[in-house]
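Written below as structure tokens is the structure these notes are about.
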Amino acid sequence: MDNYDILHELDSAGRSVRSSQPFYSQAEYVPETPTIVKANGGPVDACWSSSFHGIVAEVLANPSNFNLDQVKYMISASSVINYLSCHDNERLLFLLGKNGNIFDDEAFRRMRLAAVLLITSVGVPLIPQGDENGEARELGTDDPNKKKLPMQWDLLNNQRNRSLFDTFKRLLELRKCRGDMTDNNVNFFYEHFDNRVLAYARSQELVVVTHFIGDEKQGYEVQNFPNNGKWIDWLTNEEYQVDNNTLKVLFPLIFDNKINPTYDSGSLGLNGTGVNIAVVDGRINQAMRFSGSSSYFYAYDVYSGKSFSVSLWINPSSIATCTVVQTSYGLYNYACHNLLGFYSTTGSTMQILVQGYY
Numbered sequence: 004m005d006n007y008d009i010l011h012e013l014d015s016a017g018r019s020v021r022s023s024q025p026f027y028s029q030a031e032y033v034p035e036t037p038t039i040v041k042a043n044g045g046p047v048d049a050c051w052s053s054s055f056h057g058i059v060a061e062v063l064a065n066p067s068n069f070n071l072d073q074v075k076y077m078i079s080a081s082s083v084i085n086y087l088s089c090h091d092n093e094r095l096l097f098l099l100g101k102n103g104n105i106f107d108d109e110a111f112r113r114m115r116l117a118a119v120l121l122i123t124s125v126g127v128p129l130i131p132q133g134d135e136n137g138e139a140r141e142l143g144t145d146d147p148n149k150k151k152l153p154m155q156w157d158l159l160n161n162q163r164n165r166s167l168f169d170t171f172k173r174l175l176e177l178r179k180c181r182g183d184m185t186d187n188n189v190n191f192f193y194e195h196f197d198n199r200v201l202a203y204a205r206s207q208e209l210v211v212v213t214h215f216i217g218d219e220k221q222g223y224e225v226q227n228f229p230n231n232g233k234w235i236d237w238l239t240n241e242e243y244q245v246d247n248n249t250l251k252v253l254f255p256l257i258f259d260n261k262i263n264p265t266y267d268s269g270s271l272g273l274n275g276t277g278v279n280i281a282v283v284d285g286r287i288n289q290a291m292r293f294s295g296s297s298s299y300f301y302a303y304d305v306y307s308g309k310s311f312s313v314s315l316w317i318n319p320s321s322i323a324t325c326t327v328v329q330t331s332y333g334l335y336n337y338a339c340h341n342l343l344g345f346y347s348t349t350g351s352t353m354q355i356l357v358q359g360y361y
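Here the sequence shown is numbered in this note's numbering, starting from 4 and rising by one per residue.
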């Protein structure tokens with residue numbers, strides 16, 4: 004709709020209906036134009052950024068086309084909706100294979116880089132369902148009814164897809180919990196065109212280091228770091244020491260088997276460990292199921308200051324009386340949250356332990 008007056012009216016009408024609730028208007032206007040957003044006197048809060056999709060798809064499929072100014076623009080652009088794919092174009096993972104002949108581990112490494120760029124950029128991230136799972140289906144038809152395909156949940160049984168999913172999940176947690184991820188500040192403090200390295204700070208405490216090619220570099224030095232001292236990789240929880248405002252890092256950055264998930268895992272979707280566990284027999288909806296006179300579940304590699312939840316399903320036919328109690332701090336060098344546990348007069352007990360909480 005190329006009529007700013009009508010867009011002004013629609014925006015005003017929407018806000019009047021939701022006057023007590025958050026309201027954010029966006030225009031799917033391609034190619035994006037700065038004049039359409041309110042920051043520049045336009046009618047809407049944000050505009051879809053087809054440039055973000057195009058630049059990411061181009062530089063990841065063919066790093067020889069790396070344009071530093073374009074990459075910096077897409078990261079720093081405000082009042083835009085960024086996306087890796089949408090209903091009008093192919094999945095990025097498909098394009099990596101089609102345009103760059105990039106598949107398997109290397110394709111997923113670049114997809115994780117794309118996720119980092121998407122969620123740490125200034126613009127608002129848009130994630131069509133399936134991107135986070137690593138779907139790579141081709142659009143293939145102009146018939147809209149044939150494009151309505153179900154989510155490929157079984158992709159999460161593959162290690163590569165699960166690692167990509169975990170990457171999206173951790174990055175979204177970062178964006179939600181830090182105010183510096185929702186302002187317009189970005190400082191590009193290090194760049195090296197030949198090595199395809201770009202580092203930028205969203206604040207003095209939040210830094211993003213990107214490497215656009217997969218060649219190995221031992222002890223690569225990223226200079227002009229904002230602060231010296233200990234830095235922690237949000238995705239892997241690995242620690243790095245920065246001295247003389249220089250970070251030494253190994254490229255390419257490896258994520259596989261290092262991302263700390265906050266979901267339970269295992270052959271049944273669980274990873275239960277405990278003493279005298281009689282049965283751990285799967286799920287009831289999204290809850291874990293335990294039975295036994297003395298059982299517990301513990302989570303490890305959780306993050307300081309980050310909340311998490313555990314669901315306990317109680318079979319009323321086997322536990323006649325149950326009392327909700329507060330668990331105490333654990334022993335054996337474990338730290339236990341003050342979470343709710345369950346005590347049954349029939350002898351069944353449950354306790355939630357956390358190993359390595361700090």
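Ideal Cβ placement from N, Cα and C applies to all residues, glycine included.
inquiry  = Are the CB atoms of N136 and L152 within a distance shorter than 8 angstroms?
reply    = no
ask   = Per DSSP, what kind of secondary structure is P37 in: helix, strand or coil?
value = helix
message = Does the region 100–107 come into contact with the region 72–91, if we say contact requires no fewer than three beta-carbon pairs (one atom in each stretch) closer than 8 angstroms?
response = no
task = Report yes or no: do the region 70–80 and the region 122–138 share at least 3 C-beta pairs separated by less than 8 angstroms?
result = yes
inquiry  = Please classify E93 as buried or exposed, where buried requires at least 16 other C-beta atoms within 10 Å of its C-beta.
reply    = buried
task = Could you tell me the distance, in whole angstroms, from the CA atom of Q244 to the CA atom of V225?
result = 12 angstroms
task = Would you list the residues sitting across from S129 in a DSSP beta bridge?
result = Checking the sequence, you will find Leu at residue 129 rather than Ser. Answer by DSSP bridge pairing, in chain order: Y86.
task = Tell me whether the beta-carbon of L71 lies closer than 8 angstroms to the beta-carbon of F192.
result = no
message = Can you tell me whether F97 is helix, strand or coil according to DSSP?
response = helix
inquiry  = Measuring only the C-alpha atoms, how far is P25 from N198?
reply    = 43 angstroms
query = From V212 to L201, what distance separates their C-alpha atoms?
reply = 6 angstroms
query = For the putative contact between Y7 and P46, defined by C-beta atoms under 8 angstroms, what is the C-beta separation to the nearest angstrom?
reply = 5 angstroms
Alpha-carbon to alpha-carbon, P66 and G17 = 43 angstroms
query = Looking only at DSSP bridge pairs, what is Y243 linked to?
reply = W234
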